[in-house]
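Here's the structure, in structure tokens; my notes come after.
Residue numbers (the numbering used here), protein chains in the order written: chain A, 168 to 395; chain B, 168 to 395; chain C, 168 to 395; chain D, 168 to 395; chain E, 168 to 395; chain F, 168 to 395; chain G, 168 to 395; chain H, 168 to 395.
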């Protein structure tokens, strides 16, 4: 593709350069990270994406962002726990990924990150399942679910505090495991640093890690894997 | 499986408990991390793994470890740059993964980590390709290789210093991208911390990260993906 | 200059020592950093600077600082995004720098820092241009702008998250490149630390760095270069 | 006790003040930390302790320390892995603690720290058992040993890398669990920091932690518990 | 126990998996950590625990959590300083631990953490005593209380700032000492990091440490010791 | 002094142990650190100190603390910038220190810390002088004041950002120099860490340092020196 | 330029991709960073660069690298302090930069970094001057050299420990100032981190910073400025 | 003093600018920090200082530095533990400070830092006393020495590990207390960081701190105080 072609598919606003090549390069349109943007900026970008793709996904949308986006697109769906606004295509097409994306959480407080992941995985056309509050403090809660774990195509494990769950899960399955540290904890958790370091140092071969609280990124990676 | 069955497949030495269930649970036998083990311990573990699987892989093997393992298994193959000793099955079976594992390095100094990844990926029965010294300082070195990038099934990107390469690669492809920060650099690289943080904060959706210099783990994750 | 001369040009208030030598030593008058000062202190210092130079620039001015300064100097100009108040000389003299200061941002959320830089560069008598939201996730957004990049005298690159953009820009041009990490991001961005470390470890020769979110300092450095 | 009495039981050398009150205050004599001391200093302190108690324990004794101490006290016992020299009382009295101190290690590389703990626990008159290489990567290695775990009076868990083992062990037993992070690992383990933070953030109620590689301190704590 | 049995004792809610095995495995029911949970979630979990055990303990309960729990269980007891809600069994059984749990604080500002520990220790059926504001700045405040210190079965020492108190206490007694760093302090206390590091590096043999501000965990550990 | 005597001079409240020995041991009564205490606690402690000494000093007193203390002691003096409440003896005795305590600030934003130091130094009976806003950016502001600097008995230098001022001052005088880093700054100042590290690494022999923002501690140290 | 053209100017070796476009894109050929490369790799790259440009520069060349390069190119020049090997063009062309690059060091121990900068600046065709050991501990050493400072086109300031010198220099001149922190120091200098943070937080407008010990990068930046 | 006068007292070597004003400005000649200097540089600087002052002090002198300096000045005195070389004036003048500088160490391993302090204090003309191995683990070792502590003019407290000793000492005396953290320890001592943070957060009013292992700086500060 020549530079002229490329510049045709970059839409330049005063405050943003919308990249309409993303479906070709990365497999899906841009996603709106609302944090750091005004509600007006978020809506304006949503409009360009909706015009091009008939759909958009916005993450890290606080109450004001959510209000502005829902006022403009009443058909969109809000996930309050996950702080997302998703306008699905109409009609919503079926999942295209090979298997199921299983989202496992260590504790109740990890649910917001898990929900961000779940909505993202759906928007990227994956089947999603959940397994909740199975942290290692009572390991039989997890061990009785090995069939669920072994049936998944990709597993996202969301955990704060010491972040031990991905190692245990990774030891039980052959599937790819993506670890998401969360900022759940206090004191020497240092905002999720403890969980992040724990996951990076997993003694299990083949666990990969994303940023603290980055449910979105974990789902995007899972979707890349599920569509590979 | 009952506890009695399980204990039959754990072989207890004085200094190690060999886990012969790994092929069933994680899809491949244990790998010997030589660092922190004496050469005698490494050889003893290699013997148990060879007896059970006809093959073994040892990583982080320094010259003394390599000498001891080669003396015991002259048929094994050494990769000096990658510090590995690999005894392939005889005959070595063909790769079983769906696609190719492409290992991309930012600079010449990242090659040891890339070689550890390459040997591991082969041992886990994946086809391996390499793309070397295509860091972002001269980005045309990378951009002229987009066909290679887009032909890969999974991409491992190995980079030190600011660790920017995974973001650029991830922006060009749909495939899963695993970022490996290296300890290449000095001063405020803090032993690879700068690259690690950069990769964790990638602005590209779906890049996952492993520990600093962890070529082994990146290959294990790539193999999980390639066999999913 | 004797100590007596020097003391004549230092104006001592109860809470500040105004340095009227700055135009001679550093090429421009003091700039008021409002953070940590009361609105009354900011106005009082503005009055001394206006009396001496017919102009002043205030940065990190929150709504209360802005209100107090505008009440006292209605002719002054507010940049809300950049949190600046600038009273230009009347009439405003033309730029004196040799070339253009180009301010490049990786994402929409980096704009506040970029605007602080833009206003500062103007106040220090430089021509300013902007290139917005050209982060590395979609690198064609940047590559189609190489003519703009190569036409600049000095380039300020403002980026958060992994901070990869200055390396890519620096690899494309001969001009001086000043990197400004921003606190945009979350989790392991650690308030901009990830971007800062990335920029300090740039694999491109000749990129320099200023403090996190320090658009003012980047513009001051660019102006020193542009007037050298 | 008056100050005069106290000063009688503090033996002042040029480079050390031997505290002969320790058996009364803390329940056992001083232990010689060889690191940072010359072999001559270590021997001189050992002589004072042997004279007072008929016994001594030296930790962190490198080959030179070990040689000097063994030359002076041929009856002493060296543990090379644990870097200790122990001169037991003659005859050695039986253990006095209520239960068994069980020392559990995650991997082979954690053994040096575990051995330091084992020798210390013995010197403080405790019965010692060991459970080796039962890290969470293959959790059945641990789960088949729950009877051993539940039979222990106090459990010391020694683990590097992500340090997940103490949480899993702590979830299976009622006994006190002391976690010892080790410096085993590389990259983002940061010399054991990852394991330390993981253990401090354990999701299991009642796990306590000692310094990285501090097998001695863990055993001293276990002995306090076992004699309480 | 078979997987079927285990799954009968794990009660799965939409947002939590209640582990009814805890009294068997760890010696006491789950405790509700309110931080990160909605009041509704906290109440729902409390209901399950009350149904199973006739009692519950909730920690880190802010005013809203406390209001919701008290509205549902007016018989419960609030400790505002310690931010706990405790519903004791009716009638409350006597303590079962061997000795007394003594909670020592360095300063007045450490009291909230100490109170969390005190309520937890009582709920886990231990006798509790307190010694308040005996920090090392005026060491005679502590030294005149050595009888109290030496009469305790387990000692919890709560201190912020430099965290020196556990070392001094640990030097005076044979009993187990659990150190709790607090986030009391400012500047280079870094939210309790200074106290945490100080306690981990205690020069006294046998002091163990829990997370910053973790009064709950210290009491759980003390109770394990007191019931061993 | 016997333990009985000592216990007479420690006044035990429910939440504090007032140390009435301080004038004998450390040369001045306890000072009330209001942060972390309720207003009622602060007033109660103030009452004990006033009863014993006819005077008290409270630091880190926010508006509520100040209100409560002034309501109880209308004669007390508030320093709002320094957040202190001081009840001087009546009549206030003259300074007893040998020389003058000079408090030098780098910038206007450092004044709150300087005022805390100034009030403390006065309360500890020292003569106080001030030199304001003489940071190194315009070094002639400082160099024209070398007579003031050289006339001081002890110098406290208060600076944030890079914290360079103590080195320059220390190079100009023979007197003791106490450096106080402040949390003034942003980004990579990390809450004063940059200034703290700078001061600890001063290339000038004999500069000592206190905690970030610890004007109180600097004044206490200066007073020890001034009365030595 | 088409991809075909580009690929012609990237020379692919087994371990490196030589970028022959650098003179066009960044204004000068690639420089060989020897650290992390074998001597054979360094020589092989030098051969390609010499063939293309008649010259090369190698930095971070230890004794073995230097020996290998000098054996192959006896005409090259070694700077042992700066650890560089430079093969100048024959004949060496005159400097092309507008002004002088002045390299200022705080102390004798900073000289290796300064020499790396000096050789690099020369290789990039700049006039170089030096001002040595003028740290702030004796500030008259610097102040008597203000004419030298004010005559420079660009100033590189190399300093370790607290890194205060760039602020003082930056306050005295209008020229661009590039600060290079060095790892000179011990303890809380943390390998140059203290100096780095100090320089990033400079209170002087317009000081920019490069990585710790990065004399090469500072000279490259100075050369970009000097040729702008 | 005019610039001309000043330049006369700065002696410029190729690698150093000797500051002969130091006795006037700071009260004593420059001291040679050997670390980072070649033996030849150290000797050359010693020669200039000896010529001007009849005396010199060199610190951080390793065996090679010590050999070179002793070869040139056989009359000089080496302190191997403290790594100093001191050439006293001949005859050595009596101490001039008001009181005694007491150097207190927590443990035997802290002696090297204490000896550096002792030699420095003597060279700066102070009377020196020592109190060794009185750490808080056995606090009666310290408490029996309160008369020694209270007789000192200035106290330097040298301690590693948790660094608690300065707080306890500072609570017992009115004299100025300078705390020196040492790098004694392992694991989470992080090279002395734990002790440094502990000392900075001392709960005792008026303890000041110098860099880790900086016995020299502590003595210089003590001497400033002792001569004030």
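Using N, Cα and C, we set each Cβ at its ideal position, and we do this for glycine too.
Integer-rounded CB distance, given that residue j should sit under 8 angstroms from residue i
| i | j | result |
| --- | --- | --- |
| residue 456 of chain B | residue 347 of chain B | The requested residue 456 of chain B does not occur in the structure, where chain B is confined to residues 168 to 395. |
| residue 390 of chain E | residue 373 of chain D | 7 angstroms |
| residue 365 of chain H | residue 361 of chain E | 6 angstroms |
| residue 228 of chain A | residue 201 of chain A | 4 angstroms |
| residue 344 of chain H | residue 352 of chain H | Their Cβ separation, rounded to whole angstroms, is 21 angstroms, which puts residue 344 of chain H and residue 352 of chain H out of contact at 8 angstroms. |
| residue 334 of chain D | residue 356 of chain D | Between residue 356 of chain D and residue 334 of chain D the Cβ distance is about 17 angstroms, and since that is not below 8 angstroms, they are no contact. |
Cα-Cα separation, residue i to residue j
| i | j | result |
| --- | --- | --- |
| residue 341 of chain B | residue 193 of chain B | 26 angstroms |
| residue 199 of chain E | residue 388 of chain D | 29 angstroms |
| residue 197 of chain F | residue 226 of chain E | 34 angstroms |
| residue 322 of chain B | residue 176 of chain A | 26 angstroms |
| residue 259 of chain E | residue 286 of chain E | 13 angstroms |
| residue 235 of chain H | residue 279 of chain H | 21 angstroms |
| residue 246 of chain B | residue 210 of chain E | 59 angstroms |
| residue 288 of chain A | residue 294 of chain A | 8 angstroms |
| residue 203 of chain B | residue 207 of chain E | 49 angstroms |
Closest by C-alpha distance to residue i, when choosing among the options
| i | options | result |
| --- | --- | --- |
| residue 216 of chain D | D/291, D/328, D/187, D/338 | D/187 |
| residue 386 of chain B | B/363, B/195, B/352 | B/195 |
| residue 318 of chain C | C/204, C/226, C/265, C/355 | C/265 |
| residue 221 of chain A | A/275, A/191, A/253, A/206 | A/253 |
| residue 339 of chain B | B/306, B/316, B/324, B/331 | B/316 |
| residue 271 of chain A | A/179, A/330, A/182, A/395 | A/330 |
| residue 223 of chain G | G/230, G/231, G/205, G/244 | G/244 |
| residue 214 of chain A | A/326, A/371, A/190, A/180 | A/180 |
Paired residues, beta bridge with residue i - DSSP
| i | result |
| --- | --- |
| residue 375 of chain G | G/345 |
| residue 184 of chain C | C/179 |
| residue 254 of chain F | F/223 |
If you measure beta-carbon to beta-carbon, which residues of the stretch 343-358 of chain E are closer than 9 angstroms to chain H? Going along the stretch 343-358 of chain E in chain order, one finds 352, 353, 354, 355, 356, 357 with a Cβ nearer than 9 angstroms to chain H.
Going along the stretch 242-258 of chain G in order, which residues come within less than 9 angstroms of chain C, judged by CB to CB distance? Of all residues in the stretch 242-258 of chain G, none has a Cβ within less than 9 angstroms of some Cβ in chain C.
Taking only beta carbons into account, state which residues of the stretch 271-294 of chain G come closer than 9 angstroms to chain F, listed in chain order. Look at the stretch 271-294 of chain G: the residues with a C-beta under 9 angstroms from a C-beta of chain F are 273, 274.
Looking at chain B, which residues of the stretch 302-331 of chain D have a Cβ within less than 7 angstroms of any of its Cβ atoms? The stretch 302-331 of chain D vs chain B, Cβ under 7 angstroms: 305, 307, 308, 311.
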